[in-house]
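Undergrad:
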Amino acid sequence: MVNKLLDMIGDLNLCHVIKILLNNRRFYVQLNDQRSKWKAQKNGLPQGSVLAPLLFNIYTNDQPLPRECQRFIYADDLCITTQQVDLQKIEPVLESALQEMSSYYNNNHLIPNSSKTQLYSFHLRNRDAKKELSVTWDGHKLSNHTHPMYLGVTLDRTLSFNKHMENTKAKTQEIAEQLLPPPQRLGNGLFFLSYKPLACYICVFDSPFLSVSKSKG
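So the sequence shown is numbered by this note's numbering: it starts at 263 and just counts up by one.
1) Would you give the residue range spanned by the beta strand (DSSP E) that D339 belongs to?
2) By the three-class DSSP mapping on this structure, what secondary structure does Q296 have?
3) Report the three-state DSSP secondary structure of K301 (helix, strand or coil).
4) How far does the alpha helix (DSSP H) with Q332 in it reach, from first residue to last?
5) Is it a yes or a no for the segment 408-421 touching the segment 345-363, going by three-plus beta-carbon pairs under 8 Å?
6) Taking all protein chains shown into account, decide if Q446 is buried (16 or more other Cβ within 10 angstroms of its Cβ) or exposed.
7) In chain order, what residues of the same chain have a beta carbon less than 7 Å from the beta carbon of L307, not counting five sequence neighbours either side?
8) Three-state secondary structure (DSSP) at M411?
9) Compute the Euclidean distance between the alpha carbons of Y336 and M263, then round it to the nearest angstrom.
10) Restricting to Cα atoms, I'd like to know which of L283, D338 and V355 is closest to W399.
11) One question on the structure: do N275 and H371 come within less than 8 Å of each other, judged by their Cβ atoms?
12) From what residue to what residue does the beta strand (DSSP E) around F289 run?
13) Taking the alpha-carbon positions, what's the L284 to W300 distance?
14) Going by DSSP in three states, L381 sits in which element: helix, strand or coil?
15) Applying the criterion that 16 or more other CB atoms from any shown protein chain within 10 Å of the CB defines a buried residue, is I352 buried or exposed?
16) Can you tell me whether DSSP reads K403 as helix, strand or coil?
17) Excluding the 5 residues flanking R287 on each side, which residues of the same chain have their C-beta closer than 6 Å to its C-beta?
18) Which residue from N294, S396, L349 and I437 puts its Cα closest to that of R389?
19) Check T416 in the structure and name its three-state DSSP category.
20) With distance defined between alpha-carbon atoms, name the residue in N368, Y321 and Q435 nearest to L268.
21) Compute the beta-carbon to beta-carbon distance between H426 and T416, rounded to the nearest angstrom, for a pair I have assumed lies under 8 Å.
22) Spatial neighbours of L441 within its chain, please: CB distance less than 6 Å, with the 5 preceding and 5 following residues excluded, ordered by chain position.
23) CB-CB under 7 Å to N369, same chain, minus the five flanking residues each way: which ones, in chain order?
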(Lines of atoms letter the chains of each structure in order from A and count residues from 1; the text may use other names and numbers.)
(Lines give C-alpha, C1' and ligand atoms only; values in the text may rest on other atoms or scores of the structure.)
Protein backbone atom coordinates (compact mmCIF):
# COMPACT_ATOMS: atom_id res chain seq x y z
CA MET A 1 0.00 0.00 0.00
CA VAL A 2 2.66 2.51 1.05
CA ASN A 3 4.84 1.67 -1.97
CA LYS A 4 1.94 2.27 -4.35
CA LEU A 5 1.13 5.54 -2.63
CA LEU A 6 4.76 6.66 -2.86
CA ASP A 7 4.87 5.85 -6.57
CA MET A 8 1.74 7.92 -7.10
CA ILE A 9 2.44 11.07 -5.05
CA GLY A 10 6.17 10.91 -4.25
CA ASP A 11 5.67 12.49 -0.79
CA LEU A 12 7.77 10.65 1.82
CA ASN A 13 6.32 12.55 4.77
CA LEU A 14 2.72 11.75 3.86
CA CYS A 15 3.61 8.13 3.18
CA HIS A 16 5.21 7.92 6.62
CA VAL A 17 1.97 9.20 8.22
CA ILE A 18 -0.08 6.64 6.30
CA LYS A 19 2.33 3.89 7.33
CA ILE A 20 1.83 4.80 10.99
CA LEU A 21 -1.92 4.69 10.45
CA LEU A 22 -1.75 1.17 9.01
CA ASN A 23 0.76 -0.35 11.46
CA ASN A 24 0.27 -1.73 14.97
CA ARG A 25 -3.52 -2.09 14.75
CA ARG A 26 -5.44 -4.47 17.00
CA PHE A 27 -9.04 -5.57 17.30
CA TYR A 28 -11.37 -7.76 19.32
CA VAL A 29 -14.81 -9.25 18.73
CA GLN A 30 -17.65 -8.79 21.20
CA LEU A 31 -20.92 -10.76 21.22
CA ASN A 32 -23.35 -9.72 23.96
CA ASP A 33 -21.26 -9.78 27.15
CA GLN A 34 -18.53 -12.04 25.74
CA ARG A 35 -15.38 -10.50 24.32
CA SER A 36 -12.46 -12.14 22.56
CA LYS A 37 -8.79 -11.49 23.19
CA TRP A 38 -7.01 -8.72 21.35
CA LYS A 39 -5.69 -9.80 17.95
CA ALA A 40 -3.22 -8.09 15.64
CA GLN A 41 -4.69 -6.95 12.32
CA LYS A 42 -2.18 -7.63 9.58
CA ASN A 43 -4.12 -6.39 6.56
CA GLY A 44 -7.09 -4.29 5.57
CA LEU A 45 -7.90 -0.64 6.24
CA PRO A 46 -9.34 0.99 9.39
CA GLN A 47 -13.13 0.61 9.28
CA GLY A 48 -14.94 3.94 9.31
CA SER A 49 -11.87 5.96 8.46
CA VAL A 50 -12.47 8.78 5.98
CA LEU A 51 -9.19 7.84 4.29
CA ALA A 52 -10.09 4.16 3.84
CA PRO A 53 -12.04 4.53 0.54
CA LEU A 54 -9.34 6.75 -0.94
CA LEU A 55 -6.53 4.43 0.11
CA PHE A 56 -8.41 1.43 -1.28
CA ASN A 57 -8.83 3.20 -4.62
CA ILE A 58 -5.11 3.94 -4.70
CA TYR A 59 -4.26 0.35 -3.79
CA THR A 60 -6.42 -1.08 -6.59
CA ASN A 61 -5.73 1.64 -9.13
CA ASP A 62 -3.24 -0.58 -10.97
CA GLN A 63 -5.75 -3.30 -11.80
CA PRO A 64 -4.97 -4.73 -15.23
CA LEU A 65 -7.09 -3.91 -18.26
CA PRO A 66 -7.74 -7.24 -19.98
CA ARG A 67 -7.44 -7.48 -23.73
CA GLU A 68 -10.53 -6.52 -25.74
CA CYS A 69 -12.21 -5.26 -22.58
CA GLN A 70 -13.17 -2.05 -20.86
CA ARG A 71 -13.58 -1.62 -17.12
CA PHE A 72 -15.58 0.60 -14.81
CA ILE A 73 -14.42 0.86 -11.20
CA TYR A 74 -16.19 2.42 -8.24
CA ALA A 75 -14.60 1.62 -4.86
CA ASP A 76 -14.68 -2.18 -4.62
CA ASP A 77 -17.18 -2.60 -7.48
CA LEU A 78 -15.63 -3.63 -10.79
CA CYS A 79 -17.50 -3.99 -14.07
CA ILE A 80 -15.71 -5.59 -17.02
CA THR A 81 -17.28 -5.23 -20.45
CA THR A 82 -16.46 -6.42 -23.95
CA GLN A 83 -18.10 -5.92 -27.32
CA GLN A 84 -18.28 -8.74 -29.87
CA VAL A 85 -20.39 -9.70 -32.89
CA ASP A 86 -22.14 -12.58 -31.10
CA LEU A 87 -22.53 -14.04 -27.61
CA GLN A 88 -20.31 -17.06 -28.22
CA LYS A 89 -17.28 -14.83 -28.84
CA ILE A 90 -17.93 -12.94 -25.61
CA GLU A 91 -17.53 -15.97 -23.35
CA PRO A 92 -13.82 -16.78 -23.97
CA VAL A 93 -12.91 -13.09 -23.76
CA LEU A 94 -14.56 -12.74 -20.36
CA GLU A 95 -13.08 -15.96 -19.01
CA SER A 96 -9.60 -14.86 -20.05
CA ALA A 97 -10.18 -11.46 -18.45
CA LEU A 98 -11.33 -13.02 -15.18
CA GLN A 99 -8.29 -15.29 -15.07
CA GLU A 100 -6.06 -12.26 -15.47
CA MET A 101 -7.93 -10.50 -12.66
CA SER A 102 -7.53 -13.57 -10.41
CA SER A 103 -3.75 -13.39 -10.81
CA TYR A 104 -3.81 -9.72 -9.84
CA TYR A 105 -5.96 -10.37 -6.79
CA ASN A 106 -3.75 -13.20 -5.59
CA ASN A 107 -0.60 -11.09 -5.97
CA ASN A 108 -2.18 -8.20 -4.05
CA HIS A 109 -3.76 -10.25 -1.23
CA LEU A 110 -7.32 -9.53 -2.37
CA ILE A 111 -10.16 -12.05 -2.38
CA PRO A 112 -12.77 -11.70 -5.14
CA ASN A 113 -16.30 -12.94 -4.54
CA SER A 114 -17.21 -15.06 -7.56
CA SER A 115 -20.55 -16.06 -6.02
CA LYS A 116 -21.74 -12.43 -6.21
CA THR A 117 -20.36 -11.84 -9.70
CA GLN A 118 -23.12 -11.63 -12.32
CA LEU A 119 -23.29 -11.79 -16.09
CA TYR A 120 -25.52 -9.75 -18.35
CA SER A 121 -25.57 -8.88 -22.03
CA PHE A 122 -26.93 -5.84 -23.85
CA HIS A 123 -28.15 -6.18 -27.42
CA LEU A 124 -31.14 -5.60 -29.72
CA ARG A 125 -31.42 -9.14 -31.09
CA ASN A 126 -34.84 -10.27 -29.92
CA ARG A 127 -34.23 -13.80 -31.16
CA ASP A 128 -31.35 -14.07 -28.67
CA ALA A 129 -33.25 -12.45 -25.79
CA LYS A 130 -33.39 -15.68 -23.76
CA LYS A 131 -29.83 -16.81 -24.47
CA GLU A 132 -27.48 -16.82 -21.50
CA LEU A 133 -23.72 -16.49 -21.29
CA SER A 134 -21.74 -19.45 -19.98
CA VAL A 135 -18.67 -18.19 -18.11
CA THR A 136 -16.74 -19.91 -15.32
CA TRP A 137 -14.49 -18.15 -12.82
CA ASP A 138 -12.29 -20.11 -10.43
CA GLY A 139 -14.47 -23.18 -10.88
CA HIS A 140 -17.69 -21.28 -10.20
CA LYS A 141 -20.22 -20.82 -13.00
CA LEU A 142 -21.40 -17.23 -12.98
CA SER A 143 -25.12 -16.50 -12.92
CA ASN A 144 -26.95 -14.50 -15.58
CA HIS A 145 -29.12 -11.57 -14.60
CA THR A 146 -31.86 -9.97 -16.71
CA HIS A 147 -32.11 -6.69 -14.80
CA PRO A 148 -28.80 -6.01 -13.06
CA MET A 149 -28.35 -2.99 -10.85
CA TYR A 150 -25.12 -1.04 -11.14
CA LEU A 151 -24.48 1.93 -8.86
CA GLY A 152 -28.19 2.26 -8.15
CA VAL A 153 -29.32 2.14 -11.78
CA THR A 154 -31.40 -0.82 -12.99
CA LEU A 155 -30.29 -1.89 -16.46
CA ASP A 156 -32.05 -3.93 -19.12
CA ARG A 157 -31.03 -5.75 -22.29
CA THR A 158 -31.81 -2.90 -24.71
CA LEU A 159 -30.72 -0.11 -22.34
CA SER A 160 -34.16 1.47 -22.50
CA PHE A 161 -34.07 2.08 -18.72
CA ASN A 162 -37.80 1.28 -18.55
CA LYS A 163 -37.28 -1.00 -15.55
CA HIS A 164 -35.29 1.67 -13.75
CA MET A 165 -38.02 4.25 -14.32
CA GLU A 166 -40.69 1.80 -13.13
CA ASN A 167 -38.74 1.18 -9.93
CA THR A 168 -38.18 4.90 -9.41
CA LYS A 169 -41.88 5.60 -9.98
CA ALA A 170 -42.88 2.94 -7.44
CA LYS A 171 -40.46 4.32 -4.83
CA THR A 172 -41.73 7.85 -5.43
CA GLN A 173 -45.33 6.77 -4.99
CA GLU A 174 -44.45 4.95 -1.78
CA ILE A 175 -42.70 8.02 -0.37
CA ALA A 176 -45.58 10.27 -1.42
CA GLU A 177 -48.12 8.02 0.31
CA GLN A 178 -46.11 8.17 3.53
CA LEU A 179 -45.47 11.91 3.50
CA LEU A 180 -48.58 13.36 1.91
CA PRO A 181 -52.32 13.00 2.61
CA PRO A 182 -54.47 11.13 0.07
CA PRO A 183 -54.97 13.08 -3.19
CA GLN A 184 -58.75 13.19 -2.75
CA ARG A 185 -58.31 15.31 0.38
CA LEU A 186 -56.40 17.99 -1.50
CA GLY A 187 -57.53 20.60 -3.92
CA ASN A 188 -56.07 20.50 -7.40
CA GLY A 189 -53.71 23.39 -6.76
CA LEU A 190 -52.43 22.09 -3.41
CA PHE A 191 -52.11 18.57 -4.82
CA PHE A 192 -49.92 19.85 -7.68
CA LEU A 193 -47.72 21.91 -5.37
CA SER A 194 -47.28 18.97 -2.99
CA TYR A 195 -46.17 16.53 -5.64
CA LYS A 196 -44.15 18.99 -7.70
CA PRO A 197 -40.89 18.72 -5.64
CA LEU A 198 -40.91 14.93 -5.89
CA ALA A 199 -41.71 15.02 -9.60
CA CYS A 200 -38.95 17.53 -10.29
CA TYR A 201 -36.45 15.42 -8.36
CA ILE A 202 -37.28 12.33 -10.41
CA CYS A 203 -37.07 14.26 -13.69
CA VAL A 204 -33.65 15.64 -12.79
CA PHE A 205 -32.42 12.24 -11.64
CA ASP A 206 -33.61 10.37 -14.73
CA SER A 207 -32.96 13.03 -17.37
CA PRO A 208 -29.47 11.71 -18.34
CA PHE A 209 -30.86 8.22 -18.87
CA LEU A 210 -33.91 9.48 -20.72
CA SER A 211 -31.75 11.52 -23.10
CA VAL A 212 -29.43 8.57 -23.78
CA SER A 213 -32.36 6.22 -24.34
CA LYS A 214 -34.05 8.71 -26.66
CA SER A 215 -30.89 9.33 -28.68
CA LYS A 216 -30.34 5.59 -29.15
CA GLY A 217 -33.97 4.81 -29.85
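For each residue, glycine too, the CB sits at the ideal point set by N, CA and C. Here the structure is a predicted model, which means the values were calculated and not measured.
TA: For this structure:
1) D339 to T343 is the span of the beta strand (DSSP E), which, as asked, contains D339.
2) strand
3) strand
4) Per DSSP, Q332 lies in no alpha helix (DSSP H) segment; the continuous beta strand (DSSP E) that holds it begins and ends at Q332 to Y336.
5) With contact defined as three or more Cβ pairs closer than 8 Å, the segment 408-421 and the segment 345-363 are not in contact.
6) Confidence in Q446 is poor, its pLDDT being 49 and thus under 50, which makes the residue's placement too unreliable to answer from.
7) A314, L317 and F318
8) strand
9) 18 Å
10) V355
11) Between N275 and H371, the C-beta spacing is not below 8 Å.
12) For F289, the enclosing beta strand (DSSP E) has its first and last residue at R287 to F289.
13) 17 Å
14) strand
15) buried
16) strand
17) Q303
18) Looking at N294, S396, L349 and I437, the one whose alpha-carbon comes closest to that of R389 is L349.
19) strand
20) Y321
21) With 8 Å as the limit, H426 and T416 qualify as a contact, their Cβ atoms being about 4 Å apart.
22) Correct list: empty, nothing qualifies.
23) A distance below 7 Å between beta-carbons, with the five flanking residues on each side excluded, links N369 to no residue of its chain.
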